[in-house]
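Have a look at the structure below, then the notes.
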Amino acid sequence: MKKIGKYELDKKSAILKYASITATGIMAGGSALMLGGCSSRSEQWAETSGQAGRINLEAVEEAMQKSKDVTEFEKRVNEIYQGDELVLIEVKNEENGEQLVSGYADLNDNNQIDYEEDEKLFTFRRWFEDGNYKGEMRGYGVNSYYYHPYTTGDFFMTWMLFSALTRPVYAVPIYHTTIADAGAIRNYRTSYRSSPSYRDQINANRQFETRMSATHGETYRKASPSASRQRWASRKGINLSKATRLSSGATKSGWGRGSSRFGSFRGGGSGGGLVRK
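If you want the working numbering, it's the position in the sequence shown, counting the first as 1, plus 690.
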């Protein structure tokens, strides 16, 4: 895929931003798939998955682990997500030392996080208790079945302690994806979704949903869209119940077979996807 942009450090504002991005090829509709040879079934699944608000939270965990800064994390999360809307990132640092990193689906498409209208998809939480740092990752809405606690000795927990999120630039009380950055992310994502890499991501997402359905059963199937997602679907004329059902990993298909490449984040056991208490 043609390189369409790069990241630079804006020293004046001391936050990482995208440099100007020129999209190559405009694709109407964020969920429309212009991928040669992609079956109508996979196209339908990708579209309904985005409408339901599903997201591959194992891939999000891996993105958090590998990203060198919030800008890179924002970019990767929007590669993973299949909805039309962007996923905006928020970093909150509380006075008690607790840190929250959350992703919101921008359901009203205004490039800003609105707690009443947008949908929270996930939150990473880190806090200090009984002399030790603790952490967890939770999903929300149709992703609410997913819960992953981190212990002090956990590799991911160690990473969170020394990650780029501890730098002064992200140590302010609150950080949001900026409006300018959101526009750049959208341009980048439009180009990305016309690439073979997006097809591979769809395949990985389908495999994830299939495993989560098999692992969590009723907990997975009963995870329902949030109130904000339901209001959004009503405004858009989308049959959310149908989209949720069709995008479920329980749907029989040739897609989604095989195991995850990310063994340390498999559902069940000590990895991700534990049943939320």
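All C-beta atoms, glycine included, are put in the ideal place defined by N, C-alpha and C.
Discussion item. Measuring only the C-alpha atoms, how far is R889 from E748?
Written reply: Your numbering for residue 889 matches position 199 in the sequence shown. Your numbering for residue 748 matches position 58 in the sequence shown. In this structure, the alpha-carbon of R889 lies about 17 Å from that of E748.
Practice prompt. Using beta-carbon positions only, say whether I745 and N833 come within less than 8 Å of one another.
Written response: Mapped onto the sequence shown, residue 745 falls at position 55. Mapped onto the sequence shown, residue 833 falls at position 143. Taking 8 Å as the Cβ cut-off, I745 and N833 qualify as a contacting pair.
Worksheet item: Does the segment 789 to 799 come close enough to the segment 759 to 778 to have 3 or more Cβ pairs within less than 8 Å?
Response: The segment 789 to 799, when compared against the segment 759 to 778, does touch it at the 8 Å Cβ threshold.
Worksheet entry | Contact set for G720: own chain, Cβ-Cβ below 6 Å, skip 5 residues either direction | The residue you call residue 720 lines up with position 30 of the sequence shown. Its pLDDT being 42, under 50, G720 is placed unreliably in this model, and the coordinates cannot settle the point.
Worksheet item: Any idea if R901 is buried or exposed, counting beta-carbon neighbours within 10 angstroms, 16 or more meaning buried?
Response: Counting from 1 along the sequence shown, the entry for residue 901 is found at position 211. Answer is buried; the Cβ neighbour count reaches 16.
Item to complete: Express the C-alpha separation of T841 and T909 in angstroms, rounding to a whole number.
Response: Walking along the sequence shown from the start, residue 909 turns up at place 219. Walking along the sequence shown from the start, residue 841 turns up at place 151. Rounded to the nearest whole angstrom, the CA to CA distance from T909 to T841 is 24 Å.
Worksheet item: So, E809 versus G743, is the Cβ gap smaller than 8 Å?
Response: In the sequence shown, counting from the first residue as 1, residue 809 sits at position 119. In the sequence shown, counting from the first residue as 1, residue 743 sits at position 53. It is a contact, given that the beta carbons lie within the stated cut-off.
Worksheet item: Taking the DSSP output, what are the residues bridged to W817?
Response: The count along the sequence shown starts at 1 and reaches residue 817 at position 127. The partner list for W817 (beta bridge, DSSP) reads K824.
Practice prompt. Would you mind working out which of K932, S918, G927 and S937 sits nearest G831, comparing C-alpha positions?
Written response: The residue you call residue 831 lines up with position 141 of the sequence shown. Ranking K932, S918, G927 and S937 by CA distance to the CA of G831 puts S918 first.
Worksheet item: So is R925 buried or exposed if we call it buried at 16+ other beta carbons inside 10 Å?
Response: Here residue 925 refers to the residue found at position 235 when the sequence shown is read from its first residue. Within 10 angstroms of the beta-carbon of R925 lie fewer than 16 other beta-carbons, which makes it exposed.
Item to complete: Look at S739 and S937 and say whether their C-beta atoms are less than 8 Å apart.
Response: For the purposes of this step, residue 739 is taken as residue 49 along the sequence shown, with counting starting at 1. For the purposes of this step, residue 937 is taken as residue 247 along the sequence shown, with counting starting at 1. Yes, the pair counts as a contact, with Cβ atoms nearer than the cut-off.
Fill in: Inter-residue spacing [alpha-carbon to alpha-carbon] between Y865 and Y835
Position 175 of the sequence shown, counted from the start, is the residue given in the question as residue 865. Position 145 of the sequence shown, counted from the start, is the residue given in the question as residue 835. Rounded to whole angstroms, the separation of the alpha carbons of Y835 and Y865 is 27 Å.
Discussion item. Among I770, E737 and A736, whose alpha-carbon lies nearest the alpha-carbon of E751?
Written reply: On the sequence shown, position 61 is the one that residue 751 refers to. When each option's Cα is compared against that of E751, the closest is I770.
Practice prompt. Please name the residue in R731, E737 and S732 whose C-alpha comes closest to that of T934.
Written response: Within the sequence shown, residue 934 is the residue found at index 244, counting from 1. That would be E737, whose Cα lies nearest to the Cα of T934.
Fill in: For Q783, three-class secondary structure by DSSP
Here residue 783 refers to the residue found at position 93 of the sequence shown. A quick correction: the sequence has Asn, not Gln, at residue 783. N783: strand per DSSP, three-state reduction.
Worksheet item: Counting along the chain, where does the beta strand (DSSP E) carrying I864 start and finish?
Response: What you label residue 864 is simply residue 174 of the sequence shown in a count that begins at 1. Under the DSSP assignment, I864 falls in the beta strand (DSSP E) whose first and last residues are I864 to H866.
Fill in: Neighbour-count burial assignment, F898, 16 or more Cβ in a 10 Å radius
In the sequence shown, residue 898 corresponds to position 208, counting from 1. In the assembly as shown, F898 is a buried residue. Its beta-carbon has 16 or more other beta-carbons within 10 Å.
Worksheet item: Whose C-alpha, out of R731, Q741, M827 and E733, is nearest the C-alpha of I928?
Response: Counting from one through the sequence shown, the residue named residue 928 turns up at place 238. With distances taken between Cα atoms, I928 lies closest to Q741.
Item to complete: Determine the closest residue to T813 out of N798, H838 and L930, with distance taken between C-alpha atoms.
Response: Position 123 of the sequence shown, counted from the first residue, corresponds to residue 813. Looking at N798, H838 and L930, the one whose alpha-carbon comes closest to that of T813 is H838.
Discussion item. Among the candidates R816, N798, D799 and L811, whose CA atom is the shortest distance from the CA of E785?
Written reply: As a working note, residue 785 is residue 95 in the sequence shown. Closest option to E785, Cα to Cα, is R816.
Worksheet entry | Selected residue, minimal CA-CA separation from I803, among I875, Y882, T867 and S903 | In the sequence shown, counting from the first residue as 1, residue 803 sits at position 113. Here the closest residue by C-alpha is T867.
Practice prompt. Kindly examine the ligand NAD and report whether one of its heavy atoms sits closer than 7 Å to the Cβ of Y865.
Written response: Looking for the ligand NAD in the displayed structure turns up nothing, as the structure carries no ligands at all.
Fill in: 4-residue-minimum alpha helix (DSSP H) runs that sit fully inside the segment 873 to 913, ordered along the chain
Whole alpha helix (DSSP H) segments, 4+ residues: 886 to 906 and 908 to 912.
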